[in-house]
Structures are given as structure tokens and as C-alpha cells.
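Student:
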Amino acid sequence: MKITTFERSLYKEMLQWKTNRKGSTALLIKGARRVGKSTLVRTFAAQEYDSYLFIDFAEASEEVRHLFDDLHDIDSLLFRLQFLYNVTLTPRKSVIVFDEVQMCPRARQAIKQLVHDGRFDYIETGSLMSIKKNTQNILIPSEETRLTLYPMTYDEFRLALGDNASVPLIRQAWDKRMSLGDDVVRKMLRDMRLYMIVGGMPQAVNTYIETGNLQLVDQVKREIIELYADDFRKIDPRGIASRMFYSIPALLNSNAMRYKVGSAVGEVKADRLFELIQDMEDSHVILVSHHANDPMVGLSLHEDYGKFKLYLADTGLFVTLAFWDKSATENIIYQKLLSDKLPADLGYVYENLVAQILAARGNRLYYHTWPSPTSNHNYEIDFLLSSSNKVIPIEVKSSGYKTHASLDAFCEKFSSRVSDRYLLYTKDLRKDGPATLIPMFMAVCL
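Under the numbering used here, the sequence shown is numbered contiguously, ending at residue 446.
#1: Across which residues does DSSP place I392 in a beta bridge pair?
#2: Less than 7 Å separating the beta-carbons of V185 and E143?
#3: Could you check whether L365 and L287 sit closer than 7 Å to each other, using their CB atoms as the reference points?
#4: Helix, strand or coil for E62? Go by DSSP, reduced to three states.
#5: Considering only the alpha carbon of each residue, which of I209, S51, F410, A355 lies closest to L89?
#6: Put M1 into one of helix, strand or coil per three-state DSSP.
#7: Excluding the 5 residues flanking E452 on each side, which residues of the same chain have their C-beta closer than 7 Å to its C-beta?
#8: Using the three-state DSSP reduction, which class does F410 fall into: helix, strand or coil?
#9: Mind checking who P439 pairs with in its DSSP beta bridge?
#10: How far does the beta strand (DSSP E) with H368 in it extend, from its first residue to its last?
#11: Please report the residue range of the beta strand (DSSP E) in which S289 lies.
#12: For S166, which residues in the same chain have their Cβ closer than 6 Å to its Cβ, ignoring the five residues on either side in sequence?
#13: Contact between the region 88-106 and the region 40-51 is defined here as three or more beta-carbon pairs at a separation below 8 Å; is this criterion met?
#14: Pick helix, strand or coil for A250, following the three-state DSSP scheme.
#15: Could you pull the start and end residues of the beta strand (DSSP E) that A26 belongs to?
#16: Could you give the distance in angstroms between the alpha-carbon of M1 and the alpha-carbon of S375?
#17: Just grab the DSSP bridge partners of F308 for me.
#18: Which of the three DSSP states, helix, strand or coil, is assigned to I140?
#19: Assign P439 to one of two classes, buried (16 or more other C-beta atoms within 10 Å of its C-beta) or exposed (fewer than that).
#20: Let me check understanding here. Comparing Cα to Cα, which of A58, A110, D75, F83 lies closest to D69?
#21: State the start and end residues of the unbroken beta strand (DSSP E) segment that holds V418.
#22: With three or more beta-carbon pairs closer than 8 Å as the criterion, would you say the region 392-404 touches the region 421-438?
#23: Using the DSSP secondary-structure output, state which residues sit across from I123 in a beta bridge.
#24: Whole angstroms is fine: what's the gap from H290's alpha carbon to S300's?
#25: Could you check how far apart the C-beta atoms of I123 and L10 are, in whole angstroms? I think they sit under 8 Å.
#26: Take Q203 as the anchor and find which of P371, K37, I357 has the nearest alpha-carbon.
#27: Between the beta-carbon of V354 and the beta-carbon of A409, is there less than 7 Å?
#28: Identify the continuous alpha helix (DSSP H) that holds K336 and give its terminal residues.
#29: Which word fits T495, buried or exposed, when buried means at least 16 other C-beta atoms lie within 10 angstroms of its C-beta?
#30: Taking Cβ to Cβ, would you say L384 is nearer than 7 Å to P295?
#31: Taking buried to mean at least 16 other C-beta atoms within 10 Å of its own C-beta, is Q172 buried or exposed?
#32: For a quick check, are the C-beta atoms of M188 and F6 less than 7 Å apart?
#33: Would you mind stating whether M201 and P151 have Cβ atoms separated by less than 7 Å?
#34: Could you check what DSSP says for K234 in three-state terms: helix, strand or coil?
#35: Between A447 and L53, what straight-line distance do the alpha-carbon atoms span, to the nearest angstrom?
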């Protein structure tokens, strides 16, 4: 199957790095495996430079690796690389790419001298937490600009399907706080559910474009899930990290106010748990939302490291993982999901979708819970964003249900700290007192 090169918004940030830094730093593109780092970097190198030299350290020979053991002669290193890869490089007009740089720690360390040499630009890619694990005995270069590539966003997904109108129109409607009408909302929600099902992994998107077969898309996603689980087992042979990974949909579906580690893996010592959570977050396979004990501007100052929720960075993978009890998810399930006729509460899927959208827009994830003073009920705000000197509470509903008790209670309790307040749901945009109720697809505007 031919792999399509998709338009990625990170390309613009890469161009800014090239223009502004002018070789004074290397560019490190981080991200989970299979999100398209190598394809993006190769495309950027081919389009923005006169020539490029691409070293994939997952396949590079020992001869190439050993070139980085001795950096006393940079001239010789650069000359031999050009011979080995049959590429002619031009000073200040060429780039050298270190793909999967975590596989050759000495090459990562060499970035300092290579950047100072100044002849060429350098771009690195790295996946999973191994980029940290494999640099324990080297000097990590400070001459790096780091960017994160997430799974394809909703904007990128629609562009890949040949739709360059929907998302700009959504943003225009949002700017005007315009209702769209039931027919438009139904269509746009169906488009968003397709994104929930396929997800943003380029290989899955490509399979959908080429075949239109959601069961084949499911097979691709299962292969990626198993790849991630294997990676987690490598960094944690006891299997705690992989079991936590597999349990994310079930624990979100339980409506618990936090991720209950004991329900997934039993007892884990606190220091070991925090290390595993950090490794899993560094992988960019999962997203961590921390409880904000005292929600105000500077949410990170009130972060509770012992109380958190876990999401998958790609909702398409999340949906497949939710049906992991079967060896394959039948097309009938996907079709019912797409038409919103699956007899199941999809609140946990929509919550994961919103987490993915907010994270890809550069937001750290926070939530807040507190007990009702008049009953045994607990209130929960699904997501909190900072805006100027205020916070924005967001509640997520899986239906057109318009009540928002938690949102109202939060805004009453923290009235001086709140600016806007939003309920994301599956109906048209409308105002309900001070709250703005917005259709799920407008989450891309928050």
C-alpha cells in the first residue's frame, strides 16, 4: 500500500526554527512511534534544503555508529558520512538528519560539537521513553530546540480526506458564537465520530483513505497497540506499565475520580509508580491529567502527583482498546459508533477525544473534583484551562443532556477565578445562563 505524505501543522514550527535559529541549535522532534516523525522530517529536508543526509540509526551499520566515537576530527566525520551515504552537502544549505537518535547515544552527544561547527543544520527524531533511557551516560546537548509531534489532529485528518473547508468554517462559527442548525451539527458530529474511530495515526488514516474498510483500519491500530505494549514491557519487565496501558478505557468508563492503580495492577510502591507514570508520559503514547487541588492561574503549582487520570494520546487507538476483548472489532460495531447507535455510554470516549485535542494544542491537562457539601455526591470538572489571570472549566457530556451541575457548582465556589465556562455536548451551540454549550467538534477552537 502506498503511504501518503500528509500535511502536518508542525511543519510551520519547523520552518520557524530553520529561519530563526539559523543552525545555532539542532531540532529534536519527539513523539510516539508511528506518529509520522520520520516522514515529516524527510519531507522537510527534501523541500527546504538543497540536499540532505538521512541516517536511520535503527538500521545504520556499525561503521556509521563508530564514526561518532571520536569527535576530534569533525572534518573527517562529515566527509566520511557523505561518502557512505553518497550525498554531497553544501555548507548552510544542507541538513543532516539523525532518525531514531536514541539508538545511537554518541550521535546525540555529538550534536554539541556539530552545531558549534556550524556548517550544516541538524534534525533529530526520537520515540518513546528510550530517548531518556539511552542518554544516561552521555552529556545531553543544550543546543537543541525540541518540538513534539502528536497523532494527526482533527484539522490534519480532514485535510487528509480532502476537506479543507470544514475546520475553517467551524472556527468562523466559533468566533461569531453562531449556532449552525441541527442538520449541520449532525453532519459535523458524524465527521468527528469518524475521527474518533480512525484516529490520527498516519498508517491508520492511510488505510482508511485507501480502502474505506474500518475493520482493516482496526487491524492496523491493533498492531500499533501491541507495539506500544511491547515497548512498555521493555522498560518495565514486570508488566505493570503495559497493564496500566491496557486498562485505561476500563478505568475511564468506571467514572472514577482518579486512575485507580490498585484496580489495574495491585499495589505499587509510590516512588516506582511515579517513575512509571513519568516514563509513560514521556512516551507520548498516553496523556496524564493531574488533579489541581486549588484551581487557579498557575495550575501546575497546585498539581497533585498522587491523583491523576490517564488517557490515550490517540482516540482511535482508545476505541480499539475499548473492544480489546475481541480479536478484531467488527465493522458493525464501527458503523453503529459512526451513526451514534451503539447501545453504550460513550462519555469516556468523548472525554479521551477532548483530552487529545487539548493536549495537541499545547495544553497540560488538569481536572478538579470535590465533595458536595449537601450530599454524598462528588462534583467533577473534566478539564481546566488557564486564560490570562483566570481559569476556564470544561465539562464533557456524551449526549445532548443540557444540565451542568458540576460546572455551576465550580463557578459558584470559585467565582472570582472563572472567566468562560463551557459544556461540550452533542447538540448545537447555545447559551444557558453564563455557560456556553458547544458541540463536540468545536473543541478544536478551545
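Using N, Cα and C, we set each Cβ at its ideal position, and we do this for glycine too.
Just so it is clear, the structure is predicted and the values come from calculations on it, not from any experiment.
Tutor: Walking through what the data contain:
#1: L385
#2: no
#3: yes
#4: helix
#5: S51
#6: Residue confidence is low: M1 scores 49 on pLDDT, short of 50, so the model does not pin down where it sits. No coordinate-derived value is stated.
#7: The chain is shown from 1 up to 446; residue 452 falls before or after that span and cannot be answered.
#8: helix
#9: Y425
#10: 365-371
#11: 286-292
#12: R158
#13: yes
#14: helix
#15: 26-31
#16: Below a pLDDT of 50, predicted positions are generally treated as unreliable, and M1, at 49, falls in that range; no measurement from the model is reported.
#17: H290
#18: coil
#19: buried
#20: A110
#21: Element bounds for V418: n/a, residue is neither H nor E.
#22: yes
#23: L27, V97
#24: 9 Å
#25: Not quite, the Cβ-Cβ distance comes to about 12 Å (not below 8 Å), so this is no contact.
#26: K37
#27: no
#28: 331-338
#29: Coverage of the chain is limited to positions 1 through 446, which leaves residue 495 absent and any answer about it impossible.
#30: yes
#31: exposed
#32: no
#33: yes
#34: helix
#35: Look at the range of the chain in this structure, 1 to 446, and you will see that residue 447 is not part of it.
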